[in-house]
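S.K.: Okay, here's the structure, questions in a sec.
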Amino acid sequence: MAVGFTLTPEQHGLKDYARAFAQEHLAPLVDQVRTTPDPHEAALLVRPAHDAAVRAGLIKGMIPKVFGGAMGSGVDAAIVTEELAAVMPDFVAGLGGILLALTPVCFGGDPEQTKRFLTPFLTDEGAPQAVMALSEPTGTANFAAPPPAEGIRTTATPDGDEWVITGEKQWAANLAGWDGTGPELMVVVCRTPGGLSLIGIEHEHFTTENLRLVETMDLPGLRGHLTQRVCLDRVRVPRANLIGEEGQGADLTYLAFTASAAAVGVMATGTMRAAFDIALRFAREQTRGGGTPVIGHRPVADILTDAKGRIEATRLLSWRALDAVVSGDPAGLELALHAKVFGSETAVDVVHRLIQVVGVQAYDNAFPLIHHLLNAVAYPVFEGGNIGVRRRQLQSILTNGAWNPLAASGLV
Ligand SMILES: Cc1cc2nc3c(=O)[nH]c(=O)nc-3n(C[C@H](O)[C@H](O)[C@H](O)COP(=O)(O)OP(=O)(O)OC[C@H]3O[C@@H](n4cnc5c(N)ncnc54)[C@H](O)[C@@H]3O)c2cc1C
Numbered sequence: 024m025a026v027g028f029t030l031t032p033e034q035h036g037l038k039d040y041a042r043a044f045a046q047e048h049l050a051p052l053v054d055q056v057r058t059t060p061d062p063h064e065a066a067l068l069v070r071p072a073h074d075a076a077v078r079a080g081l082i083k084g085m086i087p088k089v090f091g092g093a094m095g096s097g098v099d100a101a102i103v104t105e106e107l108a109a110v111m112p113d114f115v116a117g118l119g120g121i122l123l124a125l126t127p128v129c130f131g132g133d134p135e136q137t138k139r140f141l142t143p144f145l146t147d148e149g150a151p152q153a154v155m156a157l158s159e160p161t162g163t164a165n166f167a168a169p170p171p172a173e174g175i176r177t178t179a180t181p182d183g184d185e186w187v188i189t190g191e192k193q194w195a196a197n198l199a200g201w202d203g204t205g206p207e208l209m210v211v212v213c214r215t216p217g218g219l220s221l222i223g224i225e226h227e228h229f230t231t232e233n234l235r236l237v238e239t240m241d242l243p244g245l246r247g248h249l250t251q252r253v254c255l256d257r258v259r260v261p262r263a264n265l266i267g268e269e270g271q272g273a274d275l276t277y278l279a280f281t282a283s284a285a286a287v288g289v290m291a292t293g294t295m296r297a298a299f300d301i302a303l304r305f306a307r308e309q310t311r312g313g314g315t316p317v318i319g320h321r322p323v324a325d326i327l328t329d330a331k332g333r334i335e336a337t338r339l340l341s342w343r344a345l346d347a348v349v350s351g352d353p354a355g356l357e358l359a360l361h362a363k364v365f366g367s368e369t370a371v372d373v374v375h376r377l378i379q380v381v382g383v384q385a386y387d388n389a390f391p392l393i394h395h396l397l398n399a400v401a402y403p404v405f406e407g408g409n410i411g412v413r414r415r416q417l418q419s420i421l422t423n424g425a426w427n428p429l430a431a432s433g434l435v
């Protein structure tokens, strides 16, 4: 494990670039996205930023170079993720959805599939969407549980040279695509005769009959994320669209959700950092009639101090986790899970406490703080809820007799 805590000049350049991108393409949208009442309209406001992200190479940057992409190190990814998340985590969640879908293609797809499925995402124009369709309205935490548990209910039945896919999917961004006709690629987690499997559905396989948009979810936060529920009704794709082997679906799904766990820690850092800036400014500038700025009151300063320490801790953990995952360090999974659980729960607590620094002013939608809390409360429950999924993954690591507690630090 190489240890280094200094950004290279290139990484400073990346940070400046991502910060400028966020200011130009995301910051002007934030208020409008959170105050537009219709969730579909609110999420569509972010589409031009997706176009800009494609032009800027951000989607290509999520694809390894071996497949024609431009993926850098995990620290590079963390730098970009934090800068974007500090302004609009909804947008980051949308990009994360694409990463979730492309990861099993990269790791489980054969050479013909990687070329076919990844090509639309190696472009410099448009706003192609890839969706990892795991979650279902009836629950997801037990998606891989064996019978008699129901687990995933979506099925794919072989019929000649085709799979016939039927089921309901919910929560993933862009399940129906920007315009309701489906995304460029949907990776569906489904039951096949050989077990839990992943199957890729390209846009050309969707019709108005076999893909039905049931609803666009009305989220309290992250409103720039087009979150939908769809019905798949006998969607037909070639048998060659099975990704990996039949029965490999759970492993590939967990793999897909590993980098995203670390990324949630980075998103949490971005959210806390943005909320901290607002609370600090308020505490330095406002006297609230007391003659001196409220930061001069010790309990106020204590909250800010504690928040800053926890932001730094979350940043170090989640940047390290993302770096470990991307570099293939065996400690990656454990660190990513901690980044997800610790980062997400820390963010909710820190933002809640920062709201108390500002006091009642913060409880006004017009004050730019409460929406950070509405975003943060998503972090423990999305990308695998902490209780139903992520802590169980950590429990299985801890209960493995061969596990060494020092392994994650490279100190064995
Ligand atoms: C903004 C956003 C983006 C999302 N993007 C995607 C995406 O791209 N793709 C996708 O497929 N999904 C996506 N999701 C959905 C989401 O990632 C998962 O469905 C979700 O994390 C699983 O929810 P859950 O853990 O609450 O599961 P549920 O099955 O709904 O479980 C609910 C609760 O039941 C309890 N529980 C159930 N089983 C157990 C158990 N065995 N042990 C302990 N407790 C249990 C826990 O308290 C758990 O919190 C997204 C969601 C949001 C909000």
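With the working numbering, the residue at position 378 of the sequence shown is 401, and numbering never jumps.
For glycine and all other residues, C-beta sits at the position ideal for the given N, C-alpha and C.
Small disclaimer: the values here were computed from a predicted structure and weren't measured.
(1) Cβ of T250 within 7 Å of any heavy atom in ligand 1?
(2) Give a yes or no on whether the C-beta atoms belonging to A14 and G314 are separated by under 8 Å.
(3) Under the rule that 16 or more other beta-carbon atoms within 10 Å means buried, what is D99, buried or exposed?
(4) Look up P51 in the DSSP assignment and say whether it is helix, strand or coil.
(5) Shortest alpha-carbon distance to G174 belongs to which of L157, T189, I188, N423?
(6) Let me check understanding here. Comparing Cα to Cα, which of A196, V371, L219, A101 lies closest to R42?
(7) Let me confirm a value: W186 is counted as buried when at least 16 other C-beta atoms fall within 10 Å, else exposed. Which label applies?
(8) I need the straight-line Cα distance from F166 to Q418, nearest angstrom please.
(9) In chain order, what residues of the same chain lie with their CB nearer than 6 Å to the CB of N398, ignoring the 5 residues before and after it?
(10) Excluding the 5 residues preceding and the 5 following A124 in the sequence, name in chain order all residues of the same chain whose CB lies nearer than 7 Å to its CB.
(11) Could you say which of V371, G351, P32, N409 lies nearest to L360 if we only look at CA atoms?
(12) List the whole-angstrom C-beta distance separating A282 from V348, where the pair is believed to meet the contact cut-off of C-beta under 8 Å.
(13) Is the beta carbon of R262 less than 8 Å from the beta carbon of D202?
(14) Could you check whether the Cβ of R415 sits closer than 7 Å to any heavy atom belonging to ligand 1?
(15) So does the region 126-133 actually touch the region 274-293, counting three or more Cβ pairs closer than 8 Å?
(16) Classify P62 as buried or exposed, calling it buried when 16 or more other Cβ atoms lie within 10 Å of its own Cβ.
(17) Which whole-angstrom value describes the C-beta separation of I222 and I266, a residue pair presumed to lie in contact below a C-beta threshold of 8 Å?
(18) What would DSSP say about V289, mapped onto helix, strand or coil?
(19) Alpha carbon to alpha carbon, how far is R114 from L434?
(20) I'd like the list of long-range same chain contacts for L236, defined as Cβ closer than 7 Å, with 5 residues on each side in sequence excluded.
(21) Rounding to the nearest angstrom, what Cα-Cα distance links H320 and Q271 in this structure?
(22) How many whole angstroms separate the CB atoms of T104 and A362, which I take to be in contact at a CB cut-off of 8 Å?
(23) The beta strand (DSSP E) spanning V211 covers which residue range?
(24) Output needed for R257: all residues of its chain with C-beta closer than 7 Å, excluding positions within five of it in sequence on either side, in chain order.
(25) Between E191 and A284, is the Cβ-Cβ spacing less than 8 Å?
(26) For my contact list, V69 and G149 are in at a C-beta cut-off of 8 Å; report their separation, rounded to the angstrom.
(27) Any chance the CB of S367 is under 7 Å from a heavy atom of ligand 1?
(28) Tell me which same chain residues have a C-beta within less than 7 Å of the C-beta of G411, skipping the five on either side of it?
(29) Going by other Cβ atoms of all chains shown within 10 Å of its Cβ, with 16 needed for buried, is L429 buried or exposed?
(30) Tell me whether the beta-carbon of I86 lies closer than 8 Å to the beta-carbon of L141.
(31) Assuming L107 and A45 are in contact, meaning their beta carbons sit under 8 Å apart, how far apart are those beta carbons, in whole angstroms?
(32) Under three-state DSSP, which class holds W194?
(33) Would the beta-carbon of Y402 fall within 8 Å of that of V383?
(34) Skipping 5 residues on each side, what residues in its chain have a beta carbon closer than 8 Å to that of Q136?
(35) Any heavy atom of ligand 3 closer than 7 Å to the beta-carbon of S158?
(36) What first and last residue would you give for the alpha helix (DSSP H) that runs through T146?
M.R.: By the coordinates alone:
(1) By one-based count along the sequence shown, residue 250 stands at place 227. Indeed, a heavy atom of ligand 1 lies less than 7 Å from the Cβ.
(2) Because the chain in this structure spans residues 24 to 435, residue 14 falls outside the shown range and cannot be described.
(3) Your numbering for residue 99 matches position 76 in the sequence shown. Here D99 is buried: its Cβ has 16 or more other Cβ atoms, across all protein chains shown, within 10 Å.
(4) What you label residue 51 is simply residue 28 of the sequence shown in a count that begins at 1. P51 falls in the helix class under three-state DSSP.
(5) Along the sequence shown, one-based indexing puts residue 174 at 151. Per the C-alpha coordinates, the member of L157, T189, I188, N423 positioned closest to G174 is L157.
(6) As a first step, residue 42 is located in the sequence shown; it is residue number 19 there, counting from the start. Among A196, V371, L219, A101, the Cα nearest to that of R42 is on A101.
(7) Start at 1 with the first residue of the sequence shown, and residue 186 comes out as number 163. The residue in question, W186, is buried, as its Cβ has 16 or more Cβ neighbours within 10 Å.
(8) Counting from 1 along the sequence shown, the entry for residue 166 is found at position 143. Counting from 1 along the sequence shown, the entry for residue 418 is found at position 395. Rounded to whole angstroms, F166 to Q418 spans 17 Å at the Cα level.
(9) If you number the sequence shown from 1, residue 398 lands on position 375. Short of 6 Å from the beta carbon of N398, and not among the five residues preceding or following it, lie these beta carbons of its own chain, in chain order: P112, G244, L245, T294.
(10) Here residue 124 refers to the residue found at position 101 when the sequence shown is read from its first residue. Only A153, V154, M155, L208, V210 meet the Cβ criterion.
(11) For the purposes of this step, residue 360 is identified with residue 337 of the sequence shown, where counting begins at 1. Comparing Cα-Cα distances from L360 to each of V371, G351, P32, N409, the minimum goes to N409.
(12) For this step, residue 282 is matched to residue 259 along the sequence shown. For this step, residue 348 is matched to residue 325 along the sequence shown. Going by Cβ atoms, the distance from A282 to V348 rounds to 5 Å, so yes, they are a contact pair.
(13) Mapped onto the sequence shown, residue 262 falls at position 239. Mapped onto the sequence shown, residue 202 falls at position 179. Using a Cβ distance threshold of 8 Å, R262 and D202 do not count as a contacting pair.
(14) What you label residue 415 is simply residue 392 of the sequence shown in a count that begins at 1. Checking every heavy atom of ligand 1 against the Cβ of R415, one is found closer than 7 Å.
(15) A contact exists between the region 126-133 and the region 274-293.
(16) Residue numbering aside, residue 62 sits at position 39 when the sequence shown is read from its first letter. Classification of P62: buried, given that the 10 Å Cβ count is 16 or more.
(17) In the sequence shown, residue 222 corresponds to position 199, counting from 1. In the sequence shown, residue 266 corresponds to position 243, counting from 1. In this structure I222 touches I266 by the C-beta definition: roughly 7 Å separates them, less than 8 Å.
(18) Residue 289 sits at position 266 when you count from the first residue of the sequence shown. Reduced to three states, the DSSP call for V289 is helix.
(19) For the purposes of this step, residue 114 is taken as the residue at position 91 of the sequence shown. For the purposes of this step, residue 434 is taken as the residue at position 411 of the sequence shown. One detail in the question is off: residue 114 reads as Phe in this sequence, not Arg. Distance between the alpha carbons of F114 and L434 is about 37 Å.
(20) Reading the sequence shown from its first residue, position 213 is the one you call residue 236. Residues A199, G203, Q251, V253 of the same chain have their beta carbon placed closer than 7 Å to that of L236, with the five preceding and five following residues left out of the count.
(21) Residue mapping note: residue 320 aligns to position 297 of the sequence shown, counting from 1. Residue mapping note: residue 271 aligns to position 248 of the sequence shown, counting from 1. Each residue's CA atom was taken as its position, placing H320 and Q271 some 57 Å apart.
(22) In the sequence shown, the residue the question calls residue 104 occupies position 81. In the sequence shown, the residue the question calls residue 362 occupies position 339. Not really, about 11 Å apart at Cβ, beyond 8 Å.
(23) Counting from one through the sequence shown, the residue named residue 211 turns up at place 188. Start and end: 208-215.
(24) Here residue 257 corresponds to residue number 234 of the sequence shown, with the count starting at 1. Answer for R257: V187, T189, N233, listed in chain order.
(25) Stepping through the sequence shown from its first residue, residue 191 is reached at position 168. Stepping through the sequence shown from its first residue, residue 284 is reached at position 261. Contact: no.
(26) By 1-based counting over the sequence shown, the position of residue 69 is 46. By 1-based counting over the sequence shown, the position of residue 149 is 126. 15 Å between Cβ atoms; not a contact.
(27) If you number the sequence shown from 1, residue 367 lands on position 344. No, the Cβ of S367 stays beyond 7 Å of every heavy atom of ligand 1.
(28) Working through the sequence shown from its first residue, we reach residue 411 at position 388. Around G411: A164.
(29) Residue numbering aside, residue 429 sits at position 406 when the sequence shown is read from its first letter. Around the beta carbon of L429, a 10 Å sphere encloses fewer than 16 other beta carbons of the protein chains shown; the residue is thus reported as exposed.
(30) Along the sequence shown, read from residue 1 onward, the residue named residue 86 stands at position 63. Along the sequence shown, read from residue 1 onward, the residue named residue 141 stands at position 118. Result yes, Cβ atoms of I86 and L141 sit closer than 8 Å.
(31) Residue mapping note: residue 107 aligns to position 84 of the sequence shown, counting from 1. Residue mapping note: residue 45 aligns to position 22 of the sequence shown, counting from 1. Right, their Cβ atoms sit about 5 Å apart.
(32) Against the sequence shown, residue 194 aligns to sequence position 171. DSSP places W194 in strand when its eight states are reduced to three.
(33) For the purposes of this step, residue 402 is taken as residue 379 along the sequence shown, with counting starting at 1. For the purposes of this step, residue 383 is taken as residue 360 along the sequence shown, with counting starting at 1. Against a cut-off of 8 Å, the Cβ pair of V383 and Y402 comes out as no contact.
(34) Along the sequence shown, one-based indexing puts residue 136 at 113. Excluding its 5 nearest sequence neighbours in each direction, Q136 has C-beta neighbours in its own chain below 8 Å: V128, G223, A263, N264, I266, listed in chain order.
(35) Ligand 3 is not among the ligands present in this structure, which contains only ligand 1.
(36) To locate residue 146, count along the sequence shown from 1; it is residue 123. Annotation: T146 is outside any alpha helix (DSSP H) and is labelled neither H nor E by DSSP.
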